[in-house]
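Participant: When we follow this note's numbering, the leftmost residue of the sequence shown carries the number 40, and every step to the right adds one. Every residue gets a Cβ at the ideal spot worked out from N, C-alpha and C, and that includes glycine. Note that the coordinates shown come from a computational prediction; the quantities given were computed from them, not determined experimentally. Pasting a structure below so you can have a look.
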Amino acid sequence: MKKSVSSICPLCRGKKSEKFHEAEGVSILTCLDCGLKYSHPMPDDKTLEKIYGEDYFNSDAPDQMAYADYNAEEREIRRASRKKLKWISRYTSPPGNLLDIGCATGFFIDTANKMGWDVAGTDISEYCINYAAERFGLEVYTGRIEDIKLKSESFDVITMWDVLEHLKDPVSEIKTIHGLLKPGGVFTVMTPNIKSLIARVTGRKWILYQSPHIHLLYFSEETIRLLLEGNGFEILKIKKFWHGGKYVPVRYALERLEIYSKIFKPLRWFCRVTRLERLTAFLDIGDNMVIYVRKKTGAER
Ligand SMILES: [Zn+2]
Numbered sequence: 040m041k042k043s044v045s046s047i048c049p050l051c052r053g054k055k056s057e058k059f060h061e062a063e064g065v066s067i068l069t070c071l072d073c074g075l076k077y078s079h080p081m082p083d084d085k086t087l088e089k090i091y092g093e094d095y096f097n098s099d100a101p102d103q104m105a106y107a108d109y110n111a112e113e114r115e116i117r118r119a120s121r122k123k124l125k126w127i128s129r130y131t132s133p134p135g136n137l138l139d140i141g142c143a144t145g146f147f148i149d150t151a152n153k154m155g156w157d158v159a160g161t162d163i164s165e166y167c168i169n170y171a172a173e174r175f176g177l178e179v180y181t182g183r184i185e186d187i188k189l190k191s192e193s194f195d196v197i198t199m200w201d202v203l204e205h206l207k208d209p210v211s212e213i214k215t216i217h218g219l220l221k222p223g224g225v226f227t228v229m230t231p232n233i234k235s236l237i238a239r240v241t242g243r244k245w246i247l248y249q250s251p252h253i254h255l256l257y258f259s260e261e262t263i264r265l266l267l268e269g270n271g272f273e274i275l276k277i278k279k280f281w282h283g284g285k286y287v288p289v290r291y292a293l294e295r296l297e298i299y300s301k302i303f304k305p306l307r308w309f310c311r312v313t314r315l316e317r318l319t320a321f322l323d324i325g326d327n328m329v330i331y332v333r334k335k336t337g338a339e340r
């Protein structure tokens, strides 16, 4: 019999939950009302600020969540950014005003800027924002989006890559995003999918369930719909494959696959002897979903 835990779901405010997993001294609960999985207890703001310091992006001992050297991936990030901007352009008439929440060192917004977009970015990491401001001279802000007073209804597009799962209060964030978008504006968000094949096959051992002190929210198509449709957005498309991919050196991709399962060992060996591992490939193991939504106009609400 699973033990019920006293806590409030950050999505539906439901009070009934059960423990799903525990790692790093933090539990992952499943909300029995809406199905969202979330960390409990949530870290305080001071702890979060510490997590996303320079070490997160240049880690001596990167775990599954941190980056060994984020800036070394600049070329790959820019290549993927161009792909992402092309996909977004299907739902809006580009270029326009674009805000990237969690912009890190600014490669995505700088790429967008070079493609003609007017860009702005935010990140809670001061290290990242200083880097983006000094190197690219872009309009960037440090802090949480709720605390930065940007002009309401001023963006055609807002993007959020690898951020939603790190938030404590997704509803407040989504409401803020809704207020910042022009009517009809497009919001694109990428987050891991707990119903992806890899998550189902690996169960509690899924790599992304092992850092609940960093990843605080775990969505499925159902719960992401609840969050977005419940806060004034119309779903345009949910992409559960390909759009969540990135350019990675083949060698690195194979190393990651081998962490998931030893069955990839022969493939790695094959790529080493054929020197295929030196190439860069656009890889998507299907663990993320990318959601494209449109802000409803006043009349539609
Ligand atoms: Zn819930």
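1) So GLU178 is in the beta strand (DSSP E); what residue range does that whole segment cover?
2) Per the DSSP calculation, LEU68 is bridged to which residue(s)?
3) Out of PRO49, LEU68, LYS55, which one is the CA nearest neighbour of PRO251?
4) In whole angstroms, what is the alpha-carbon distance linking GLU268 and LEU75?
5) Note down the Cα distance separating GLY242 from PRO231, rounded to an integer number of angstroms.
6) In whole angstroms, what separates the C-alpha of PHE59 from that of ASP208?
7) Pair every Cβ in the stretch 123-132 with every Cβ in the stretch 283-290, then say whether three or more of these pairs are closer than 8 Å.
8) Check whether the Cβ atoms of THR227 and THR262 lie closer than 7 Å to each other.
9) Helix, strand or coil, according to DSSP, for THR319 in the structure here?
10) Go ahead and label GLY182 buried or exposed: buried means 16 or more other beta carbons lie within 10 angstroms of its beta carbon, across all protein chains shown.
11) Rounded to a whole number of angstroms, what is the C-alpha to C-alpha distance between GLN103 and ILE246?
12) Have a look at the DSSP bridge pairing and note the partners of LEU137.
13) Where does GLN103 fall in DSSP's three states?
14) Taking the alpha helix (DSSP H) that ARG264 belongs to, which residues open and close that run?
15) For LEU87 and LEU255, what's the separation of their Cα atoms in angstroms?
16) What residues match up with VAL332 in a beta bridge as DSSP calls it?
Facilitator: Inspection of the coordinates gives the following:
1) Taking the first residue of the sequence shown as 1, we reach residue 178 at position 139. 178-181 is the extent of the beta strand (DSSP E) around GLU178.
2) Along the sequence shown, one-based indexing puts residue 68 at 29. Partner(s): LYS58, TYR77.
3) Taking the first residue of the sequence shown as 1, we reach residue 251 at position 212. Residue LEU68 is the option with its Cα nearest to PRO251.
4) As a position in the sequence shown, residue 268 is number 229, starting the count at 1. As a position in the sequence shown, residue 75 is number 36, starting the count at 1. It is roughly 15 Å from the alpha-carbon of GLU268 to the alpha-carbon of LEU75.
5) To locate residue 242, count along the sequence shown from 1; it is residue 203. To locate residue 231, count along the sequence shown from 1; it is residue 192. Going by the C-alpha atoms only, they are around 14 Å apart.
6) On the sequence shown, residue 59 is found 20 positions in, with the first residue counted as 1. On the sequence shown, residue 208 is found 169 positions in, with the first residue counted as 1. Cα atoms of PHE59 and ASP208: separation of roughly 20 Å, rounded to the nearest angstrom.
7) Proximity of the stretch 123-132 to the stretch 283-290 falls short of the contact definition, fewer than three beta-carbon pairs being nearer than 8 Å.
8) By one-based count along the sequence shown, residue 227 stands at place 188. By one-based count along the sequence shown, residue 262 stands at place 223. Contact flag unset, no.
9) The residue given as residue 319 occupies position 280 in the sequence shown. DSSP places THR319 in strand when its eight states are reduced to three.
10) Numbered from its first residue, the sequence shown carries residue 182 at position 143. The residue is exposed, with fewer than 16 neighbouring Cβ atoms inside 10 Å.
11) Translated into positions along the sequence shown, residue 103 becomes position 64. Translated into positions along the sequence shown, residue 246 becomes position 207. Confidence at GLN103 is low in this model, with a pLDDT of 47, below 50, so the placement of that residue should be treated as unreliable; the coordinate-derived value is given next. Rounded to the nearest angstrom, the two C-alpha atoms are 7 Å apart.
12) Residue numbering aside, residue 137 sits at position 98 when the sequence shown is read from its first letter. BP columns for LEU137 point to VAL158, VAL196.
13) Stepping through the sequence shown from its first residue, residue 103 is reached at position 64. Confidence in GLN103 is poor, its pLDDT being 47 and thus under 50, which makes the residue's placement unreliable; the coordinate value appears in the next sentence. Reduced to three states, the DSSP call for GLN103 is coil.
14) Reading the sequence shown from its first residue, position 225 is the one you call residue 264. Start and end: 260-268.
15) Within the sequence shown, the letter at position 48 stands for residue 87. Within the sequence shown, the letter at position 216 stands for residue 255. If you take the alpha carbons of LEU87 and LEU255, they lie about 11 Å apart.
16) Within the sequence shown, residue 332 is the residue found at index 293, counting from 1. Looking at the DSSP assignment, VAL332 forms a beta bridge with PHE226, ILE274.
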